[in-house]
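Chemist: Residue 15 in my numbering sits at position 35 of the sequence shown; the count goes up by one each step and never skips. Each residue gets a CB set at the ideal place from its N, CA and C atoms; glycine is no exception. Can you keep this structure in mind? I'll have questions shortly.
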Amino acid sequence: MSAATDDGRTVRVTPSLAIPLAELQFRFSPSGGPGGQHANKVNTRVELRFDVANSPSLGPRQRARLLDRLGSEVRVVADDERSQVRNRQLALERFRVRVADALHIEKPRRPTRPSLGAKERRLAAKRHLSERKRARRTDLDD
């Protein structure tokens, strides 16, 4: 059981969304790159696909948001490790993070004003700097 799966049968994306592993399609292939004979004969590369448009796990607003941000299909590839099991865990975690980020709604920023104390400190700092620069000047009128 990886960090991305709750009970081994679902991927917990957000507190309100868990996607069953049955909705995810996994494809395994040789990873390529260095590794000699092991890399040539073992299918360690994992490709995970999730059909956003036809998923029964998503609510209408979640589906609309994912379609807008990620498209009709989410595809994740992992071939970092030599182990198929570890690459599968990595792919699930990357999938979880990608979907959670796409579902996240930023809180709108409310513009604020500087406090009276902040304004006074800023003006006092300006006066102090101005006085320091004025003290460096030499009077040419004398």
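#1: Using 8 angstroms as the cut-off, can you tell me whether the stretch 17 to 28 makes contact with the stretch 37 to 45, which would need three or more C-beta pairs spanning the two stretches below that distance?
#2: Can you give me the C-alpha to C-alpha distance between P10 and H84, rounded to a whole angstrom?
#3: Rounded to the nearest angstrom, how far is the Cβ of V79 from that of V(-7), given a contact under 8 angstroms?
#4: For the stretch 62 to 76 and the stretch -7 to 9, state whether three or more C-beta atom pairs, one from each stretch, are separated by less than 8 angstroms.
Modeler: The answer reads as follows:
#1: no
#2: Within the sequence shown, residue 10 is the residue found at index 30, counting from 1. Within the sequence shown, residue 84 is the residue found at index 104, counting from 1. Those two C-alpha atoms are separated by around 34 angstroms.
#3: Position 99 of the sequence shown, counted from the start, is the residue given in the question as residue 79. Position 13 of the sequence shown, counted from the start, is the residue given in the question as residue -7. The Cβ separation is near 5 angstroms, so the contact holds.
#4: yes
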